[in-house]
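Everything in the sequence shown is counted per full-length UniProt numbering, starting at 1 for the first residue and increasing by one.
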Amino acid sequence: MTVDTILTGKVVSPHGVYDRTSIAVKDGKIVSIGDKSTMPPAEEEVDYGDLLILPGAVDTHTHSLGTAEEGHWNSTSAAAAGGVTTINDHPLDLGGAPSSSDDIYTKAEKTAKEAIVDFSLLAAGLPEKMDNIIEVADKGVTGYKMLMHTTSGAHAYGMRAVDDGELYAMFERIAKVNQVGMVHAENEWVINYLVDKYTKEGKTYLAAHHETRPEFTEVVSVHTAIEFARALDMRLHIVHVSVPRSFDLIMQARAEGVKVTGETCPHYLISNEDHWKKVGSHFKINPPLRSEDSRQGLWKKIREGKIHMVSSDHAPHPGVEAPNVFDNPSGSPGIETMVPLVFHEGVHKGNIDLPTFAKLMSYNPAKLMGLYPQKGSIEVGCDADFAIIDDKKEWNIEAKNLRAQSGWSMFEGMNITGKVLATFVRGTKVYQEGEVIGEKGYGKWVKKTRNYDL
Ligand SMILES: [Zn+2]
Numbered sequence: 001m002t003v004d005t006i007l008t009g010k011v012v013s014p015h016g017v018y019d020r021t022s023i024a025v026k027d028g029k030i031v032s033i034g035d036k037s038t039m040p041p042a043e044e045e046v047d048y049g050d051l052l053i054l055p056g057a058v059d060t061h062t063h064s065l066g067t068a069e070e071g072h073w074n075s076t077s078a079a080a081a082g083g084v085t086t087i088n089d090h091p092l093d094l095g096g097a098p099s100s101s102d103d104i105y106t107k108a109e110k111t112a113k114e115a116i117v118d119f120s121l122l123a124a125g126l127p128e129k130m131d132n133i134i135e136v137a138d139k140g141v142t143g144y145k146m147l148m149h150t151t152s153g154a155h156a157y158g159m160r161a162v163d164d165g166e167l168y169a170m171f172e173r174i175a176k177v178n179q180v181g182m183v184h185a186e187n188e189w190v191i192n193y194l195v196d197k198y199t200k201e202g203k204t205y206l207a208a209h210h211e212t213r214p215e216f217t218e219v220v221s222v223h224t225a226i227e228f229a230r231a232l233d234m235r236l237h238i239v240h241v242s243v244p245r246s247f248d249l250i251m252q253a254r255a256e257g258v259k260v261t262g263e264t265c266p267h268y269l270i271s272n273e274d275h276w277k278k279v280g281s282h283f284k285i286n287p288p289l290r291s292e293d294s295r296q297g298l299w300k301k302i303r304e305g306k307i308h309m310v311s312s313d314h315a316p317h318p319g320v321e322a323p324n325v326f327d328n329p330s331g332s333p334g335i336e337t338m339v340p341l342v343f344h345e346g347v348h349k350g351n352i353d354l355p356t357f358a359k360l361m362s363y364n365p366a367k368l369m370g371l372y373p374q375k376g377s378i379e380v381g382c383d384a385d386f387a388i389i390d391d392k393k394e395w396n397i398e399a400k401n402l403r404a405q406s407g408w409s410m411f412e413g414m415n416i417t418g419k420v421l422a423t424f425v426r427g428t429k430v431y432q433e434g435e436v437i438g439e440k441g442y443g444k445w446v447k448k449t450r451n452y453d454l
C-alpha cells in the first residue's frame, strides 16, 4: 500500500507524547502511527522535526452567522489559522435559529459551500417549537442550544430567555430522545433588575457590565439546569462557564451520577474584570470576565481535571463604543486565538501537560458531541486533522492579521509563546504560515453518531 502523506514530528495525543513519530495518511484518514522505519511508502513526506503535531481542535461553540459580515468562509478561515479543524456552529443566526430538520439541512447545505474546515451543527431549543426537538433529534445534530438569559442579539435570531417551565419542558423532550442540552446559564431576572437599577442611577460606565452580572447570577442558573437534568436523567452541557463555583456544582452532580459537563473559554482563563481598562468596550462578553481570583480558580480546576473542555464562543461583531455600556453588544472574536492562548497560558506557563491540552481542545469536545472517533484524536482510523504547533515561537496578537470580520481582538498586543504553523483537515493542508490555502467548500458536515459519557 502506498499512502498519500507521512508526517513526522513530536506527536501529541490525549493519551501521550511521542517524540519523532510518524503518521501515515491515506484518503483523509490516519492509517498508521509509529517509527518512520515502519511506515509504508508515501507520495509525500513532511518532516516537522521537533515541532508538535496535535489533533486539530474541535470547537464546541462557534457563531458564524450572528452578523452579516462574518459567515462561514471567514469563521472557518479563522478556525484554520487557529488550528481548529471542526467547528460546532450554534444556531444564533441572523434570519432565524434553525430548529427543524429542514432548517438544519438548509444550513448544512449553505455552510458546506463556504466552509474550509469541517463543521457540526447545533439545533435551537425553542419553546414555541418544542416538537422540533423530537423531530430533529436523530438527524445528526450535536444537541440543542437553550438560553436562560436573553443574551446580546438574541431577538435578532428568534431566541430569548426561556422560563423555568419552558426549560423543564424542553429538557423532558431532550431526555426522551437521549440527546444533549447545551445551556447558556445566566439568571435573566436578576440581571434585568440590576441593569434597570444601574440605568436609573446613571451608572452606565464600562465596569457596570460585570457589576450587574455578579457571579451568583451564573451559579444559580447552573444549579437550576443541573437539578432539572438530574430529575429527568438528561444529558446537560453548560456552555461558557466563567465561575469556579459553577464547576464545583457540576463536579458534585457528576459524582452523584448526573450527566453534566461544562466548558470554559480562553477569555475567562486569560483576562479578568479589569480588562476594560485596556480594551474599552471590547471586554464586554456574556457571562462577563470575572475577578483575578476566579480566573486563577479556573486554572486550578483545570489542573485538577475538573474542567472538561475549552471553547471559543467566537461571536465577532463590529466593535462599537457607545457611551452607555448597556448599548454595546456582547461577544468577542476568538476562534483564531483560542489554541495559541490556551497553549501559552496552559502549556507554556506549566499549568497543564500536552495530553491534557489535547483533551481540553480536541478529545473531550469531540466525545461530548458524538463526533469521536472520526474527530478529536490522533489514532488509527481518525480523520487526519492536525494542528502543527511551534511551541517556542513568540508572537504578538494583532487584530489586523486575524480573519474574523470584526476587526478587533480582546487580546490585542498580547505577546504569547506557541504558534500554529499549519493545519490539516482530512489530510489536506488548509493553512500554512500566515496563509489560508484551503478551498472554499472543502469543509464537510460531520454528523453526531452516538453519545459518550465523559
Ligand atoms: Zn455563544
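Glycine is no exception: its CB is placed at the ideal position from the N, C-alpha and C atoms. Since we're looking at a predicted model, the values are computed, not measured.
Any 3 or more C-beta pairs closer than 8 angstroms across the segment 266–285 and the segment 122–140:
no
Can you grab the Cα-Cα spacing for the pair Pro214 / Gln296, in whole Å?
In the sequence shown, the residue the question calls residue 214 occupies position 214. In the sequence shown, the residue the question calls residue 296 occupies position 296. So the two alpha carbons sit approximately 17 angstroms from each other.
Can you give the Cα-Cα distance for Gly83 and Lys200, rounded to whole angstroms?
Within the sequence shown, the letter at position 83 stands for residue 83. Within the sequence shown, the letter at position 200 stands for residue 200. The straight-line gap from Cα to Cα measures roughly 45 angstroms.
For Cys382 and Ile30, believed in contact at Cβ under 8 angstroms, the rounded distance:
Mapped onto the sequence shown, residue 30 falls at position 30. Mapped onto the sequence shown, residue 382 falls at position 382. The pair is a contact, with the Cβ atoms about 5 angstroms apart (cut-off 8 angstroms).
Examine the Cβ distances between the segment 404–422 and the segment 314–330 and report whether three or more of them are shorter than 8 angstroms.
yes
Is it the case that the CB of Ala97 approaches a heavy atom of ligand 1 more closely than 7 angstroms?
Working through the sequence shown from its first residue, we reach residue 97 at position 97. Incorrect: Ala97 has no Cβ contact closer than 7 angstroms to ligand 1.
On the three-pair Cβ rule with 8 angstroms, is the segment 325–338 touching the segment 72–87?
yes
Counting along the chain, where does the beta strand (DSSP E) carrying residue 458 start and finish?
For residue 458 there is no data in the structure shown, the boundaries of the chain being 1 and 454.
Can you name the start and end residues of the alpha helix (DSSP H) that Leu65 belongs to?
For the purposes of this step, residue 65 is identified with residue 65 of the sequence shown, where counting begins at 1. Run containing Leu65: none; DSSP gives neither H nor E here.
Could you check whether the segment 433–444 touches the segment 104–117, counting it as contact only if at least three pairs of C-beta atoms, one from each stretch, sit closer than 8 angstroms?
yes
Considering Cα atoms alone, identify which of Gly16, Leu51, Ala322, Thr111 is closest to His72.
Within the sequence shown, numbered from 1, the residue matching residue 72 stands at position 72. That would be Thr111, whose Cα lies nearest to the Cα of His72.
In terms of alpha-carbon separation, which member of Lys306, Thr67, Gly158 lies closest to Gln252?
Along the sequence shown, one-based indexing puts residue 252 at 252. Cα-wise, what sits closest to Gln252 is Lys306.
Alpha-carbon spacing of Trp445 relative to His61, whole angstroms:
For the purposes of this step, residue 445 is taken as residue 445 along the sequence shown, with counting starting at 1. For the purposes of this step, residue 61 is taken as residue 61 along the sequence shown, with counting starting at 1. Near 15 angstroms, if we compare the C-alpha coordinates of His61 and Trp445.
Check whether the segment 212–226 touches the segment 347–354, taking contact to mean three or more Cβ pairs, one atom from each stretch, closer than 8 angstroms.
no
In the DSSP assignment, find the alpha helix (DSSP H) that holds Val31 and state where it starts and stops.
Position 31 of the sequence shown, counting from 1, holds the residue named residue 31. It is not in any alpha helix (DSSP H) - Val31 instead sits in the beta strand (DSSP E) that spans 29–34.
C-beta contact flag for Asn401 and Met414 at 8 angstroms:
Your numbering for residue 401 matches position 401 in the sequence shown. Your numbering for residue 414 matches position 414 in the sequence shown. It is not a contact, given that the beta carbons lie outside the stated cut-off.
Could you check whether Gly125 and His237 sit closer than 8 angstroms to each other, using their CB atoms as the reference points?
Looking up residue 237 in the sequence shown gives position 237. Looking up residue 125 in the sequence shown gives position 125. In this structure, Gly125 does not lie closer than 8 angstroms to His237 by Cβ.
In the DSSP assignment, find the beta strand (DSSP E) that holds Asp365 and state where it starts and stops.
The residue given as residue 365 occupies position 365 in the sequence shown. Per the sequence presented here, residue 365 reads as Pro, with Asp not at that position. Counting along the chain, Pro365 falls outside any beta strand (DSSP E), though it belongs to the alpha helix (DSSP H) covering 364–368.
Quick check on the burial criterion: 16 or more other C-beta atoms within 10 angstroms. Buried or exposed for Val347?
The residue labelled residue 347 in the question sits at position 347 within the sequence shown. Burial call: buried.
DSSP on Trp445, reduced to helix/strand/coil?
Along the sequence shown, read from residue 1 onward, the residue named residue 445 stands at position 445. If DSSP states are grouped into helix, strand and coil, Trp445 belongs with the strands.
Counting only the same chain and skipping the five closest in sequence on each side, list residues whose C-beta sits under 8 angstroms from that of Leu51.
Translated into the one-based positions of the sequence shown, residue 51 becomes position 51. Excluding positions up to five away in sequence, the list reads Gly9, Lys10, Ile388, Ile389, Asp390, Asp391, Leu421.
Looking only at its own chain, which residues have a Cβ that is under 8 angstroms from the Cβ of Gly280, when we skip the five neighbours before and after it?
Residue 280 sits at position 280 when you count from the first residue of the sequence shown. Here the set comprises Leu206, Glu321.
Give me the Cα-Cα distance between residue 459 and Asp47, rounded to the nearest whole angstrom.
Nothing can be reported for residue 459, as the shown portion of the chain is limited to 1 through 454.
Is Asp313 a contact residue of ligand 1, with contact defined as CB to any heavy atom under 7 angstroms?
Taking the first residue of the sequence shown as 1, we reach residue 313 at position 313. The nearest non-hydrogen atom of ligand 1 is less than 7 angstroms from the C-beta of Asp313.
Measuring only the C-alpha atoms, how far is Asp196 from Asp327?
Along the sequence shown, one-based indexing puts residue 196 at 196. Along the sequence shown, one-based indexing puts residue 327 at 327. Asp196 and Asp327: Cα-Cα distance of roughly 13 angstroms.
Whether Phe216 touches Met410 by CB criterion (8 angstroms)
The sequence position of residue 216 within the sequence shown is 216, counting from 1. The sequence position of residue 410 within the sequence shown is 410, counting from 1. No.
Across which residues does DSSP place Val84 in a beta bridge pair?
If you number the sequence shown from 1, residue 84 lands on position 84. Ala57, per the DSSP bridge assignment.
Who are the near neighbours of Glu412 in its chain, counting only those whose CB is closer than 6 angstroms to its CB and skipping five residues on each side?
Walking along the sequence shown from the start, residue 412 turns up at place 412. Same-chain partners within the cutoff: Ala399.
Which whole-angstrom value is the C-beta distance of Thr356 and Lys393, which I expect to be below 8 angstroms?
Taking the sequence shown and counting its residues from 1, the one referred to as residue 356 is at position 356. Taking the sequence shown and counting its residues from 1, the one referred to as residue 393 is at position 393. At roughly 21 angstroms, the Cβ-Cβ gap does not stay under 8 angstroms, so Thr356 and Lys393 are not in contact.
Look at Ser242 and Gly262 and say whether their C-beta atoms are less than 8 angstroms apart.
The residue labelled residue 242 in the question sits at position 242 within the sequence shown. The residue labelled residue 262 in the question sits at position 262 within the sequence shown. In this structure, Gly262 does not lie closer than 8 angstroms to Ser242 by Cβ.
Under 8 angstroms, with one C-beta from each stretch per pair, do the segment 181–189 and the segment 144–151 reach the 3-pair mark?
Yes, since at least three Cβ pairs between the segment 181–189 and the segment 144–151 fall closer than 8 angstroms, the two stretches touch.
Taking the straight line between their C-alpha atoms, what separation do you get for Ile191 and Pro288?
Mapped onto the sequence shown, residue 191 falls at position 191. Mapped onto the sequence shown, residue 288 falls at position 288. Rounded to whole angstroms, Ile191 to Pro288 spans 12 angstroms at the Cα level.
Relative to ligand 1, is the shortest distance from any of its heavy atoms to the C-beta of Val3 smaller than 7 angstroms?
Position 3 of the sequence shown, counting from 1, holds the residue named residue 3. Incorrect: Val3 has no Cβ contact closer than 7 angstroms to ligand 1.
At which residues does the beta strand (DSSP E) containing Gly181 begin and terminate?
The residue given as residue 181 occupies position 181 in the sequence shown. In the DSSP annotation of this structure, the continuous segment of the beta strand (DSSP E) that includes Gly181 starts and ends at 180–184.
Looking at C-alpha atoms only, which residue of Gly434, Met234, Met369 is the closest neighbour of Asn88?
Here residue 88 corresponds to residue number 88 of the sequence shown, with the count starting at 1. Asn88 has its Cα closest to that of Met369, out of Gly434, Met234, Met369.
I want to check one thing, is the minimum distance from the CB of Val180 to the heavy atoms of ligand 1 below 7 angstroms?
Numbered from its first residue, the sequence shown carries residue 180 at position 180. Not under cutoff, so the answer is no.
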